[in-house]
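Okay, structure first, notes after.
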Amino acid sequence: MTNDFRHQFWKQQIQTSMIVCVGVVAAAMAMIWISTYDLDMAIRIRGVILAAGISGILAPLGSAYAIRQNSRHLALHLQYERLANSDDLTGLANRRCFNRRGAARLASAGRSQTALLLVDIDWFKRVNDMHGHEAGDDVLCHVAQTLIHAAPDGALIARLGGEEFTVMCEISGPAELTRLAEKLRRATEATHIIYHGEVIRVTISLGLAIARPGDTLSALLSRADKALYGAKDHGRNQFSVAA
0 MTNDFRHQFW KQQIQTSMIV CVGVVAAAMA MIWISTYDLD MAIRIRGVIL AAGISGILAP
60 LGSAYAIRQN SRHLALHLQY ERLANSDDLT GLANRRCFNR RGAARLASAG RSQTALLLVD
120 IDWFKRVNDM HGHEAGDDVL CHVAQTLIHA APDGALIARL GGEEFTVMCE ISGPAELTRL
180 AEKLRRATEA THIIYHGEVI RVTISLGLAI ARPGDTLSAL LSRADKALYG AKDHGRNQFS
240 VAA
């Protein structure tokens with residue numbers, strides 16, 4: 000998409016240059032015509048004014064056209080970037096964006112520790128089966144908003160796909176991580192969704208992992224995923240910390 004934007008940008012630059020060149024060439028031809036023929040002074044003056052006018056009109060038109068077209072393509076480029084990096088339904092970062100930004104966070108981690116919380120909505124398939132996919136979409140958006148409001152400032156929150164989310168943030172240690180996990184769990188459990196007059200109760204299970212020196216994002220996700228399965232195996236609506 001970035002290459003397409005660059006192509007369109009340079010295409011517009013060429014078109015603008017052509018418009019300006021037409022103005023310059025037209026003005027130059029008028030000047031040559033004026034100097035070639037034996038014309039009286041009044042005609043010469045009018046010719047010079049006409050040539051200058053042609054150039055003066057077409058050049059600003061070319062600049063205005065360029066500004067308009069470049070603004071349009073910049074807006075399209077930003078829209079493409081948003082679509083490429085955001086989940087359409089929840090507005091959270093998508094997996095592609097998380098993979099890029101998450102790896103960058105690990106690479107630039109300072110003294111504080113980087114933690115990953117892998118979040119899975121409990122019994123989500125039942126919601127879809129009993130209430131339909133629109134209700135399922137409402138649940139996904141509900142959980143996304145809960146994570147946004149309950150997660151710490153600066154956290155990277157993403158929807159990885161399906162009913163799986165992740166929260167990546169800096170922590171001071173394991174105690175802060177478990178407090179955060181319990182906060183997210185309680186916040187989700189405490190609110191219910193009303194769909195067509197029916198109450199849908201939502202809970203989540205979480206797998207927690209703290210980055211180790213030299214960890215890749217894939218390794219961190221793998222440990223959090225194993226912890227998540229542990230939370231599910233023990234009854235759901237709880238969290239488990241990776242060994």
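First residue of the sequence shown: 0, per numbering that gives the first Met the number 0; consecutive thereafter.
No residue lacks a Cβ here, since even glycine has one placed at the ideal position from N, Cα and C.
Model, not experiment: these values are computed from the prediction.
Here L116 really is in contact with L207; their C-beta atoms are around 6 Å apart, less than 8 Å. A buried status is given to I170, since no fewer than 16 other beta-carbon atoms sit within 10 Å of its beta-carbon. Boundaries of the beta strand (DSSP E) harbouring V240: F238 to V240, taken from the DSSP string. For A114, the secondary structure class from DSSP, reduced to helix, strand or coil, is strand. Look at S171 here: in three-state DSSP terms it is coil, with no helix or strand label. Taking the Cβ atoms as the reference, H130 lies roughly 7 Å from E197, within the contact range of under 8 Å.
Going by DSSP, H132 is part of the alpha helix (DSSP H) stretching over H132 to A149.
Spanning the alpha carbons of G160 and N93 requires a straight line of approximately 8 Å. Partner residues in the beta bridge of S204, as assigned by DSSP, are D119.
Looking at the backbone, the Cα of G135 and that of E162 are separated by about 9 Å.
Bridge partners of F164 according to DSSP: V118 and R158.
Sequence-distant partners of D86 (beyond 5 residues in either direction) whose C-beta falls short of 6 Å from its own C-beta, in its chain, are N93 and R158.
Excluding residues up to 5 positions away in sequence, T215 and L216 lie with their Cβ nearer than 8 Å to the Cβ of A102 in the same chain.
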